[in-house]
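Be aware that the sequence shown starts at 2, since it is given in the working numbering, and climbs by one per residue.
Where is the CB? At the ideal position from N, CA and C, for every residue including glycine.
Treat the numbers as computed from the prediction; the structure is a model and nothing was measured.
Just below is one structure, and these are the notes that go with it.
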Amino acid sequence: MNGEGIIELKVPQLPYYLGAGRSEYEIGDHHPNRKKLGIYDVLIVVKGELYIGENDQQWTLEKGDSLILLPEGEHYSVRPCTQKTVFYWLHFEHVERYESLLTSSIHEPELQDSSRPFGNPYTLRLPKHSKLANPQAVFNLLEQLLTLEMESSFWQEQRLLGELLSMLEEGSLRVMDSVQTRLAEQAAIYIQQNYKTKVTNETLAAALHFHPNYVIRCMKMKYGKTPIEYLNELRLERAKRLLVTTDWLIDRIAEEVGFRYAPYFSSCFKRYIGLSPLQFRKQYMTT
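Structure representation (structure tokens):
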């Protein structure tokens with residue numbers, strides 16, 4: 002299965018560069034199995050395919066793919082290489098423990114911790130697995146790191162590590178956009194399926210297993226409106242259809258589309274359409 006997610010590193014502390022290398026595997030070779038390595042292990046494939054797993058997730062890494070293996074994880078070879086495979090590896094350390102977000106989850110930004118005088122100025126968010134936007138630029142940067150391995154170049158190595166993590170972070174932004182859009186779409190589907198019942202920000206958030214404020218933010222990003230605005234517009238569009246296709250009383254139509262009180266329905270309808278329900282029906286019947 003392909004796993005996606007975000008790995009979060011609080012900054013400060015800064016990630017600390019430990020070393021890098023370039024490995025070439027022939028057919029039949031495989032990545033070594035390791036458990037609780039204690040450091041972050043970044044794999045970036047240049048050529049071929051690398052079959053690797055971590056805990057209960059597995060990946061087939063191709064040219065331009067990156068994968069970050071976690072300090073406390075157990076990673077292993079899924080199967081030997083079926084073609085010549087070339088990849089870079091890079092090790093770094095970070096004092097703060099990582100947070101790993103699974104494919105089915107979407108991060109909700111943390112509240113500021115008032116007990117810490119400087120809070121958390123920045124959180125570095127790296128994609129667990131991603132397709133690099135500019136693989137060659139990453140390859141070139143890693144080659145620079147390998148050249149520096151021959152010298153005593155602590156600060157240059159740290160600078161290049163920062164540049165590499167910045168490139169990887171661009172991938173996390175694509176992941177975040179994708180999962181936020183997916184959550185908004187799931188919220189819209191829930192509303193479409195349940196608009197006749199009582200739907201609130203709280204019931205919607207509970208159904209999707211996210212904080213109400215986060216669901217609201219994702220809906221506004223995707224649709225330009227809050228869940229309740231989306232819900233009311235959907236109900237009123239359904240009401241318009243019933244007004245012109247049935248002879249039902251206003252009270253019945255209000256109840257049918259999810260409004261508990263007819264006067265409130267009429268008020269919302271007039272504010273949205275510019276006409277009362279009866280005026281809308283009469284206008285349609287005379288056209």
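Residue range of the beta strand (DSSP E) that includes Lys48: Your numbering for residue 48 matches position 47 in the sequence shown. Taken as a continuous stretch (DSSP letters only), the beta strand (DSSP E) holding Lys48 covers Tyr41 to Lys48.
Does the segment 154-161 come close enough to the segment 31-50 to have 3 or more Cβ pairs within less than 8 Å? Too few Cβ pairs lie closer than 8 Å, so no.
Given a cut-off of 7 Å on the beta-carbon distance, is the pair Trp60 and Leu71 in contact? As a position in the sequence shown, residue 60 is number 59, starting the count at 1. As a position in the sequence shown, residue 71 is number 70, starting the count at 1. No.
My output table needs one value for Ile1: the three-state DSSP class, helix, strand or coil. Because the chain here runs from 2 to 288, residue 1 falls outside it and cannot be looked at.
Distance, Cα to Cα, Glu256 vs Gln181? Taking the first residue of the sequence shown as position 1, residue 256 is located at position 255. Taking the first residue of the sequence shown as position 1, residue 181 is located at position 180. Just so you know, the alpha carbons of Glu256 and Gln181 end up roughly 32 Å apart.
In the DSSP assignment, what are the bridge partners of Thr61? Reading the sequence shown from its first residue, position 60 is the one you call residue 61. BP columns for Thr61 point to Tyr52.
May I have the straight-line CA-CA distance separating Ala240 from Ile254, to the nearest angstrom? Position 239 of the sequence shown, counted from the start, is the residue given in the question as residue 240. Position 253 of the sequence shown, counted from the start, is the residue given in the question as residue 254. For Ala240 and Ile254, the distance between alpha carbons rounds to 6 Å.
Which residue from Leu142, Val87, Lys64 and Ile192 puts its Cα closest to that of Thr227? One-based indexing of the sequence shown puts residue 227 at position 226. The residue with the shortest Cα to Cα distance from Thr227 is Ile192.
For the alpha helix (DSSP H) containing Ala206, list its first residue and its last residue. To locate residue 206, count along the sequence shown from 1; it is residue 205. Ala206 -> alpha helix (DSSP H) spans Asn202 to Leu209.
Residue range of the alpha helix (DSSP H) that includes Arg290: The structure shown does not extend to residue 290, since the chain is modelled only from 2 through 288, so no value can be given for it.
For Leu279, count neighbouring C-beta atoms within 10 Å of its own C-beta (all shown protein chains included) and say buried if the count is 16 or more, exposed if not. The residue labelled residue 279 in the question sits at position 278 within the sequence shown. Counting Cβ neighbours within 10 Å, Leu279 comes out exposed, since fewer than 16 surround it.
Could you give the C-beta distance for Phe93 and Tyr41, rounded to a whole number, given that I count them as a contact under 8 Å? Taking the sequence shown and counting its residues from 1, the one referred to as residue 93 is at position 92. Taking the sequence shown and counting its residues from 1, the one referred to as residue 41 is at position 40. With a Cβ gap of about 5 Å, Phe93 and Tyr41 count as contacting.
Quick one: what's got a C-beta closer than 8 Å to Tyr196's C-beta in the same chain, skipping five residues either side? Counting from 1 along the sequence shown, the entry for residue 196 is found at position 195. The answer, listed in chain order, is Leu232, Leu235, Arg236, Arg239, Val258 and Gly259.
Assuming Pro82 contacts His130 under a Cβ cut-off of 8 Å, what Cβ separation, rounded to an integer in Å, is found between them? If you number the sequence shown from 1, residue 82 lands on position 81. If you number the sequence shown from 1, residue 130 lands on position 129. With the sequence shown as reference, residue 82 is identified as Cys, and Pro is not the correct amino acid for it. At roughly 18 Å, the Cβ-Cβ gap does not stay under 8 Å, so Cys82 and His130 are not in contact.
Going by the CB atoms, is the gap between Val139 and Leu146 shorter than 7 Å? As a first step, residue 146 must be located in the sequence shown, where it is residue number 145. As a first step, residue 139 must be located in the sequence shown, where it is residue number 138. No, they are not a contact pair.
What number of angstroms, rounded off, separates the C-alpha of Lys199 from the C-alpha of Leu205? Reading the sequence shown from its first residue, position 198 is the one you call residue 199. Reading the sequence shown from its first residue, position 204 is the one you call residue 205. In a straight line, the C-alpha of Lys199 is about 10 Å away from that of Leu205.
Here's a check: name, in chain order, each residue in its chain whose Cβ is nearer than 6 Å to the Cβ of Gln159, leaving out the five neighbours to either side. Within the sequence shown, residue 159 is the residue found at index 158, counting from 1. Same-chain partners within the cutoff: Tyr18.
DSSP three-state assignment for Lys132, whether helix, strand or coil: Locating residue 132 in the sequence shown gives position 131, counting from the first residue. If DSSP states are grouped into helix, strand and coil, Lys132 belongs with the strands.
Residue interval of the alpha helix (DSSP H) (run including Thr246): Here residue 246 corresponds to residue number 245 of the sequence shown, with the count starting at 1. From DSSP, the alpha helix (DSSP H) with Thr246 extends over Pro228 to Thr246.
For Tyr265, count neighbouring C-beta atoms within 10 Å of its own C-beta (all shown protein chains included) and say buried if the count is 16 or more, exposed if not. For this step, residue 265 is matched to residue 264 along the sequence shown. Burial call: exposed.
Pairwise C-alpha distance: Asp248 and Leu103: Within the sequence shown, numbered from 1, the residue matching residue 103 stands at position 102. Within the sequence shown, numbered from 1, the residue matching residue 248 stands at position 247. With a pLDDT of only 40 at Leu103, under the threshold of 50, the placement of this residue in the model should not be trusted; the figure read from the coordinates follows. Taking the straight line from one Cα to the other gives about 51 Å.
My assumption, with CB atoms under 8 Å, is that Ile7 sits in contact with Gln84. Please give the rounded CB distance. The sequence position of residue 7 within the sequence shown is 6, counting from 1. The sequence position of residue 84 within the sequence shown is 83, counting from 1. Between Gln84 and Ile7 the Cβ distance is about 31 Å, and since that is not below 8 Å, they are no contact.
How big is the Cα-Cα spacing for Ser179 and Ala208? Counting from 1 along the sequence shown, the entry for residue 179 is found at position 178. Counting from 1 along the sequence shown, the entry for residue 208 is found at position 207. If you take the alpha carbons of Ser179 and Ala208, they lie about 20 Å apart.
Neighbourhood of Tyr285 by C-beta, 6 Å cutoff - its chain only, sequence neighbours within 5 removed: Along the sequence shown, one-based indexing puts residue 285 at 284. Here the set comprises Val245.
Sort Leu165, Glu55, Gly65 and Asp66 by Cα distance to Tyr77 and report the nearest one. For the purposes of this step, residue 77 is taken as the residue at position 76 of the sequence shown. Measuring from the Cα of Tyr77, the nearest candidate turns out to be Glu55.
Looking at the structure shown, is Val139 part of a helix, part of a strand, or coil, going by DSSP? As a working note, residue 139 is residue 138 in the sequence shown. Annotated three-state conformation of Val139 is helix, per DSSP.
Where does Thr86 sit, in a helix, a strand or coil, going by DSSP? Here residue 86 refers to the residue found at position 85 of the sequence shown. DSSP places Thr86 in strand when its eight states are reduced to three.
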